[in-house]
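By our numbering, the letter at position 99 of the sequence shown is numbered 110, and the numbering carries on one by one without gaps.
Here the structure comes first, spelled out in structure tokens, and everything after it is commentary.
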Amino acid sequence: MKLHQLNYLFLILLSNLLQAAPQVQFVDITASTGINFKHLNGAKNDYQLPETLGAGGAFFDYDNDGYLDLYLINSGDLNNQEISTNSDQSSNTSVLYRNNGDGTFKDVTVSAGISNSNNYGQGAAAADYDNDGDTDLYVTNFGHNQLYQNNGDGTFLEVSKDAGVTAPSWSTSATFFDYDRDGYLDLYVVNYVVYSLTASYRKCYDDDIRNYCHPKYFEGSPDQLYRNNGDGTFTNTTKAAEISDVGGPYQGKGLGVVAADFNNDRYPDLYIANDDTPNYLFLNNGDGTFIEIGIFTGCAYSNDGIAQAGMGVDTGDYNEDGLLDIFVTNFSYETNALYQNNGDGTFTDVSYKSQLGEESYLSLGFGTNFLDYNNDGYLDLFIANGHISPHIEQTIDVVTYAQPNQLFLNNKNGTFTDISLESGPHFLEKAVSRGSILGDYDNDGDMDIVVTQLNGPIAFLRNENGNAKNWLRIRTVGTVSNRDGIGTRLTCKVGDNVVIREVRVGSSYLCSQDPRVLLGVSDHESIERIEVHWPSGITQVFEDIAVNQQLDIIEKGTPNLN
Numbered sequence: 012m013k014l015h016q017l018n019y020l021f022l023i024l025l026s027n028l029l030q031a032a033p034q035v036q037f038v039d040i041t042a043s044t045g046i047n048f049k050h051l052n053g054a055k056n057d058y059q060l061p062e063t064l065g066a067g068g069a070f071f072d073y074d075n076d077g078y079l080d081l082y083l084i085n086s087g088d089l090n091n092q093e094i095s096t097n098s099d100q101s102s103n104t105s106v107l108y109r110n111n112g113d114g115t116f117k118d119v120t121v122s123a124g125i126s127n128s129n130n131y132g133q134g135a136a137a138a139d140y141d142n143d144g145d146t147d148l149y150v151t152n153f154g155h156n157q158l159y160q161n162n163g164d165g166t167f168l169e170v171s172k173d174a175g176v177t178a179p180s181w182s183t184s185a186t187f188f189d190y191d192r193d194g195y196l197d198l199y200v201v202n203y204v205v206y207s208l209t210a211s212y213r214k215c216y217d218d219d220i221r222n223y224c225h226p227k228y229f230e231g232s233p234d235q236l237y238r239n240n241g242d243g244t245f246t247n248t249t250k251a252a253e254i255s256d257v258g259g260p261y262q263g264k265g266l267g268v269v270a271a272d273f274n275n276d277r278y279p280d281l282y283i284a285n286d287d288t289p290n291y292l293f294l295n296n297g298d299g300t301f302i303e304i305g306i307f308t309g310c311a312y313s314n315d316g317i318a319q320a321g322m323g324v325d326t327g328d329y330n331e332d333g334l335l336d337i338f339v340t341n342f343s344y345e346t347n348a349l350y351q352n353n354g355d356g357t358f359t360d361v362s363y364k365s366q367l368g369e370e371s372y373l374s375l376g377f378g379t380n381f382l383d384y385n386n387d388g389y390l391d392l393f394i395a396n397g398h399i400s401p402h403i404e405q406t407i408d409v410v411t412y413a414q415p416n417q418l419f420l421n422n423k424n425g426t427f428t429d430i431s432l433e434s435g436p437h438f439l440e441k442a443v444s445r446g447s448i449l450g451d452y453d454n455d456g457d458m459d460i461v462v463t464q465l466n467g468p469i470a471f472l473r474n475e476n477g478n479a480k481n482w483l484r485i486r487t488v489g490t491v492s493n494r495d496g497i498g499t500r501l502t503c504k505v506g507d508n509v510v511i512r513e514v515r516v517g518s519s520y521l522c523s524q525d526p527r528v529l530l531g532v533s534d535h536e537s538i539e540r541i542e543v544h545w546p547s548g549i550t551q552v553f554e555d556i557a558v559n560q561q562l563d564i565i566e567k568g569t570p571n572l573n
């Protein structure tokens with residue numbers, strides 16, 4: 012009898028194990044995608060600072076076929092360029108890859124006319140700025156930036172000069188957002204430092220080893236805000252919006268930016284990750300101006316009151332309290348920073364409390380994303396790591412130049428666990444990673460990741476088994492609001508939880524993300540209620556929504572900006 016009972020229990024245990032959800036893995040499928048891109052920084056042993064930053068890219072559906080295409084930015088031979096020049100360097104051609112819908116991509120750069128080949132490329136922001144129904148692309152450079160207007164026929168037209176957004180500086184990240192809620196996407200451009208390949212030239216050393224100079228030796232370059240006029244042109248409103256001006260107070264050596272509504276007043280705010288200077292939180296006053304409150308709210312410095320080397324940034328409600336929190340990647344020996352939104356206008360640095368601080372002490376983070384990689388309904392974290400000094404191992408023996416990337420599981424109790432080693436062979440490999448781009452490129456209901464690398468190929472990480480749990484993908488189409496619905500707040504009732512998500516594209520480091528919202532709902536077979544709060548003030552409500560599908564929401568209703 013006892014033996015029979017033991018056998019029965021064993022069978023039950025075995026059955027449960029067989030029925031358990033398969034383990035989620037990220038598999039590097041780069042070789043099978045047809046993508047043979049390699050980033051080049053043009054380094055020639057004269058240690059020019061732009062060579063350290065790498066470049067990013069964008070997931071966006073340029074041909075409106077329902078599949079995400081991929082734009083990868085190259086840099087090239089910096090030594091033959093200056094900020095105002097346009098030398099023809101074939102090595103710095105950026106590439107547009109069209110998604111074939113079968114897991115492979117095709118290089119369509121030449122036919123699309125979007126190579127950015129005369130520039131030292133840095134970052135990208137993709138959105139429909141002219142509300143004509145197709146996605147345009149803004150590319151930041153060391154030098155004049157480029158705005159590629161989508162013609163709707165598979166080709167692009169470079170219109171940055173006519174549109175008034177050339178921004179002749181050293182620009183890094185950028186984002187589209189509608190700060191005045193007039194239905195047209197505005198543009199925020201992050202700038203780094205004032206740098207000339209000749210005038211800025213100096214020699215720096217670490218322990219008698221030639222190295223790149225610290226950014227402290229260079230003056231910060233002010234960011235720029237461009238208001239969309241609704242006629243294909245933009246007006247520089249940086250000064251009018253009280254953000255900054257040449258010679259003004261806000262010149263923070265910026266590298267990352269995210270636009271989101273941090274105080275739940277329906278107006279998008281801005282958070283900028285700055286390198287070795289305080290990070291900025293620009294609160295939107297709702298009247299066309301902003302006020303910088305980063306220091307006063309507790310999200311400008313580390314918990315020790317020190318300005319860190321902010322690189323990448325993302326925002327998300329990791330603890331599901333209805334408030335957007337902020338995560339910033341930093342330099343080695345600084346730890347990354349998780350700022351928890353307290354809901355009273357302040358933030359608390361919970362980097363160590365969340366168990367994210369210690370795990371990042373030796374790494375140097377760049378790209379980062381909140382993502383629900385296993386569709387359990389809680390936001391996890393991906394971090395792309397890599398140092399800037401190729402000689403770091405000769406000066407600090409516990410820090411490496413190439414570093415493994417990291418994946419952290421949200422434990423649903425305010426803490427995270429590093430699960431990198433059990434999430435696929437990619438996390439065992441070391442690389443000099445920079446940007447990270449999120450997107451469900453195969454439309455299978457889980458989030459995939461593309462990682463850019465300095466002077467190297469990309470890592471295209473396909474999410475395997477993340478869709479074992481249920482999901483809903485949401486695409487917003489504005490009719491009164493901007494066409495992409497960027498800035499739309501989604502409040503979702505899933506079981507006992509209320510989950511918030513926002514539609515946005517710019518985050519991480521030098522990258523533009525999938526504009527669709529992918530909502531993991533675990534084992535729930537339907538979503539009880541979704542409230543859609545558009546930038547126009549229109550609110551729509553949907554109930555009893557089936558899972559494992561894409562829901563296209565078209566804006567309908569009467570605007571209300573109050």
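Glycine is no exception: its CB is placed at the ideal position from the N, C-alpha and C atoms.
Answer yes or no: does any C-beta atom of chain C fall closer than 8 Å to that of residue i?
{"i": "N162", "result": "As a matter of chain content, chain C is missing from the structure shown, which is built from one protein chain."}
Going by C-alpha to C-alpha distance, which of the options sits closest to residue i?
{"i": "I220", "options": "Q405, N422 and V510", "result": "Q405"}
{"i": "F338", "options": "F48, S374, V204 and I283", "result": "I283"}
{"i": "V552", "options": "V558, H544 and P61", "result": "H544"}
{"i": "P436", "options": "V38, P33 and Q34", "result": "V38"}
{"i": "Y199", "options": "S255, V205 and S207", "result": "S255"}
{"i": "K504", "options": "D325, G356 and L530", "result": "L530"}
{"i": "H225", "options": "T166, W181, D287 and T186", "result": "D287"}
{"i": "K117", "options": "G124, S126 and L107", "result": "L107"}
{"i": "D563", "options": "I317, G132, P526 and D383", "result": "P526"}
{"i": "F377", "options": "N476, S126 and G134", "result": "G134"}
{"i": "D328", "options": "E566, D391, N296 and Y344", "result": "D391"}
{"i": "R500", "options": "K172, T244, Y216 and F273", "result": "F273"}
{"i": "T550", "options": "V558, I541, A557 and K49", "result": "I541"}
{"i": "D455", "options": "F438, L439 and N474", "result": "N474"}
If I follow the unbroken beta strand (DSSP E) through residue i, where does it start and stop?
{"i": "F187", "result": "S180 to F188"}
{"i": "T359", "result": "F358 to D360"}
{"i": "D217", "result": "C215 to D217"}
{"i": "D459", "result": "D459 to Q464"}
{"i": "E542", "result": "S537 to H544"}
{"i": "K49", "result": "Segment: none, K49 is in no beta strand (DSSP E) and carries neither H nor E."}
{"i": "G531", "result": "V528 to S533"}
{"i": "Q417", "result": "Q417 to N421"}
{"i": "V150", "result": "D147 to G154"}
{"i": "D551", "result": "It is worth fixing the name first, because residue 551 is Gln in this sequence and not Asp. Start and end: T550 to A557."}
{"i": "E475", "result": "A470 to E475"}
{"i": "N161", "result": "Q157 to N161"}
{"i": "S447", "result": "S444 to G450"}
{"i": "G376", "result": "G376 to L382"}
{"i": "N602", "result": "An answer regarding residue 602 cannot be provided, because it is not within the stretch 12 to 573 covered by the chain."}
Could you spell out where the alpha helix (DSSP H) holding residue i opens and where it closes?
{"i": "I403", "result": "I403 to T406"}
{"i": "I306", "result": "G305 to T308"}
{"i": "V121", "result": "T120 to A123"}
{"i": "D286", "result": "That residue, D286, is in no alpha helix (DSSP H); it is neither H nor E in DSSP."}
{"i": "A42", "result": "T41 to T44"}
{"i": "K172", "result": "S171 to A174"}
State the CB to CB distance for the pair residue i and residue j, rounded to an integer number of angstroms; the pair is presumed to be in contact (CB under 8 Å).
{"i": "Q160", "j": "D139", "result": "Contact doesn't hold; Cβ gap of about 10 Å is too wide."}
{"i": "L83", "j": "G68", "result": "4 Å"}
{"i": "V532", "j": "N478", "result": "About 11 Å separates the two Cβ atoms, so there is no contact after all."}
{"i": "T44", "j": "G112", "result": "That belief does not hold up - the Cβ atoms of T44 and G112 are roughly 12 Å apart, past 8 Å."}
{"i": "I460", "j": "I448", "result": "7 Å"}
{"i": "S523", "j": "V324", "result": "Contact doesn't hold; Cβ gap of about 14 Å is too wide."}
{"i": "T359", "j": "G309", "result": "6 Å"}
Closer than 8 Å is the cut-off here; do at least three beta carbon pairs connect the region 492-503 with the region 440-447? no
Counting pairs of Cβ atoms below 8 Å between the region 406-415 and the region 75-86, do you hit three or more? no
Between the region 61-68 and the region 480-492, are three or more C-beta pairs nearer than 8 Å? no
Cβ contact check for the region 165-181 and the region 225-242: 3 or more pairs under 8 Å: yes
Quick one: any contact between the region 452-467 and the region 500-514, if contact means 3 or more CB pairs under 8 Å? no
Three CB pairs or more closer than 8 Å across the region 298-307 and the region 330-350: no
Are the region 183-197 and the region 381-395 in contact at 8 Å, needing three or more beta carbon pairs? no
Runs of 4 residues minimum, wholly inside the region 292-333: which ones carry the alpha helix (DSSP H) assignment? 305-308
I want to know whether the region 167-174 touches the region 246-253 - three or more CB-CB distances under 8 Å. no
What residue ranges within the region 489-523 form continuous beta strand (DSSP E) runs of no fewer than 3 residues, ordered along the chain? 500-505 and 508-513
What residue ranges within the region 189-276 form continuous beta strand (DSSP E) runs of no fewer than 3 residues, ordered along the chain? 197-202, 215-217, 220-222, 235-239, 245-247 and 265-271
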